[in-house]
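J.: Residue numbers (numbering that gives the first Met the number 0): 0 to 298. First the structure, then my questions, so here it is.
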Amino acid sequence: MTAIKLAKDGLWQRANTLFKPNLKQADIALLGFPVHKSSITPNSCHLAPKAIRSALARYSTYSASNDVDLRELKITDLGDVTGADSSNGKKVIAKKVFGLLDKYGLLIALGGDNSITYSLTAGLFGDLSKVGLITLDAHHDIRDGNTNGSPVWRLIQAGLPGKNIVQIGISDFANSKEYSDRAKEAGIFVISRAQLRNKSIADAMKQAFAQLGRHVDHIYVDLDVDVCDRSVAPACPAATPGGISADELRQAAFLAGGNYKVQAIDITEVDPKRDSKDERTVRLAALLVLEIAAGYKTR
0 MTAIKLAKDG
10 LWQRANTLFK
20 PNLKQADIAL
30 LGFPVHKSSI
40 TPNSCHLAPK
50 AIRSALARYS
60 TYSASNDVDL
70 RELKITDLGD
80 VTGADSSNGK
90 KVIAKKVFGL
100 LDKYGLLIAL
110 GGDNSITYSL
120 TAGLFGDLSK
130 VGLITLDAHH
140 DIRDGNTNGS
150 PVWRLIQAGL
160 PGKNIVQIGI
170 SDFANSKEYS
180 DRAKEAGIFV
190 ISRAQLRNKS
200 IADAMKQAFA
210 QLGRHVDHIY
220 VDLDVDVCDR
230 SVAPACPAAT
240 PGGISADELR
250 QAAFLAGGNY
260 KVQAIDITEV
270 DPKRDSKDER
280 TVRLAALLVL
290 EIAAGYKTR
């Protein structure tokens, strides 16, 4: 990413200035997970946390459509987790995130690849029986092994009930029949990309919350940016033509931030080295951070 000098205006505060380093308590905490070594497709997703933070300077603190000014929130940046991509990364992440939800109302996790969804959910909540998981993703992520294609399956194996999982945006020709059957057998509730052609993303999120609200106390949301159409997310190695729009993912992020049961949200699978010259994917990821925060302000 090329550094560009941005104009200064005392009446136009840049969003990156909201994130105060290492506050002991705050409404929202931002934490980076520079992870990529477990990816099925080689990538540089470990560069995303830094790139996303830089892109936040492109935006203001105010959501006009929701009349929300993020300056009214207390937001902290806890930096990046050192060693998250090591051979014992799961333990490193679990140790880092343990107890964070006692100090912060909401955790926003910057990936990194999608493998962090497993480590974070398991580390934050321990007992998974009352935890709900919503994924916005083109893929089921229920492969065998320990990769960015397996976090949901690993969580199920660790005790997360399949009925506690809702997957939105599952794409045709992005999953095998075997893994589709595995998702059905596990009891995962799926709202496919095809169904979203006749259902708004707001209705899909409402349906997801209703589905989980009956039997969970906490919700974790995974925003895998490859759920988007490849034209708006060229930095996502597995994004396909025909995915959801950037606006739909922004709406989902806002709604996730606004739900009181949602305690952690990750943003994953962005490889800055693959992005277009206008940095559209990284900028979308930065906007997801702000949409989540704006949603949180409405709680």
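Glycine included, C-beta positions come from ideal geometry on N, C-alpha and C.
1. For my contact list, D265 and I115 are in at a C-beta cut-off of 8 Å; report their separation, rounded to the angstrom.
2. For R70, which residues in the same chain have their Cβ closer than 6 Å to its Cβ, ignoring the five residues on either side in sequence?
3. Taking D246 as part of the alpha helix (DSSP H), name the residues at either end of that continuous run.
4. Counting C-beta neighbours from all protein chains within 10 Å, is the total for K176 16 or more, i.e. buried, or is it exposed?
5. Counting along the chain, where does the beta strand (DSSP E) carrying D265 start and finish?
6. Put C44 into one of helix, strand or coil per three-state DSSP.
7. Using only CA atoms, which one of L287, V96, S37 and K73 lies nearest to D112?
8. Is it buried or exposed, R192, if we count other Cβ atoms within 10 angstroms and call 16 or more buried?
9. Could you give the DSSP three-state label for I39: helix, strand or coil?
10. Just the C-alpha distance for L72 and D180, rounded to the nearest angstrom, thanks.
11. Among the candidates D225, F18, D66 and I187, whose CA atom is the shortest distance from the CA of L154?
12. Is the distance from the Cβ of V96 to the Cβ of L119 below 8 Å?
13. Where does K176 fall in DSSP's three states?
14. Using the C-alpha atoms, what's the distance from T280 back to C235?
15. Report the CB separation of F18 from T75 in whole angstroms; it is logged as a contact under 8 Å.
16. Drop a sphere of 10 angstroms on the beta-carbon of P33, count the other beta-carbons inside from all chains shown, and report buried for 16 or more, exposed for fewer.
17. Using 8 Å as the threshold, is the C-beta distance between A182 and I141 below it?
18. Rounded to whole angstroms, what's the CA-CA distance from A6 to Y58? Just pull it up for me.
19. Measure how close the beta-carbons of D136 and D221 come, nearest whole angstrom, since I'm counting them as under 8 Å.
20. If the criterion is Cβ atoms closer than 8 Å, does the pair L127 and G158 meet it?
21. Return the chain-ordered ranges of every beta strand (DSSP E) run that is complete within the segment 119-162 and spans a minimum of 3 residues.
22. If I follow the unbroken alpha helix (DSSP H) through L96, where does it start and stop?
23. CB L211 to CB V165, shorter than 8 Å?
24. Three-state secondary structure (DSSP) at T75?
25. What's the gap between the Cα of T297 and the Cα of G104?
T.: According to the data block:
1. Approximately 6 Å separates the beta-carbon atoms of D265 and I115; this is inside 8 Å, confirming the contact.
2. These residues qualify, in order along the chain: T60.
3. Secondary structure note for D246: its alpha helix (DSSP H) is the uninterrupted segment A245 to G257.
4. Around the beta carbon of K176, a 10 Å sphere encloses fewer than 16 other beta carbons of the protein chains shown; the residue is thus reported as exposed.
5. Start and end: V261 to T267.
6. The answer is helix: DSSP assigns C44 an H, G or I state.
7. Out of L287, V96, S37 and K73, the CA that lies nearest to the CA of D112 is found in S37.
8. Around the CB of R192, 16 or more other CB atoms lie within 10 Å, so the residue is classed as buried.
9. The answer is coil: DSSP assigns I39 none of H, G, I, E or B.
10. Straight-line Cα distance between these residues: approximately 43 Å.
11. For the options D225, F18, D66 and I187, the alpha carbon positioned closest to that of L154 is the one of I187.
12. At a Cβ-Cβ threshold of 8 Å, V96 and L119 count as neighbours.
13. In the structure shown, K176 adopts helical secondary structure according to DSSP, grouped into three states.
14. Answer to the nearest angstrom: the Cα atoms are 8 Å apart.
15. About 7 Å; that satisfies the 8 Å criterion.
16. So P33 ends up on the buried side.
17. In this structure, the beta-carbon distance from A182 to I141 falls below 8 Å.
18. Approximately 12 Å, taken between the alpha carbons.
19. With a beta-carbon spacing of about 6 Å, D136 and D221 fall inside the 8 Å limit used to define contacts.
20. Cβ distance < 8 Å, so L127 and G158 count as in contact.
21. DSSP runs (the beta strand (DSSP E)) wholly in the segment 119-162: 130-135.
22. The residue you asked about is not Leu; residue 96 is Val in the sequence shown. First-last of the alpha helix (DSSP H) with V96: G88 to V96.
23. Cβ distance < 8 Å, so L211 and V165 count as in contact.
24. DSSP, reduced to helix, strand and coil, places T75 within a strand of the structure shown.
25. Between the alpha carbons of T297 and G104 lies a gap of roughly 13 Å.
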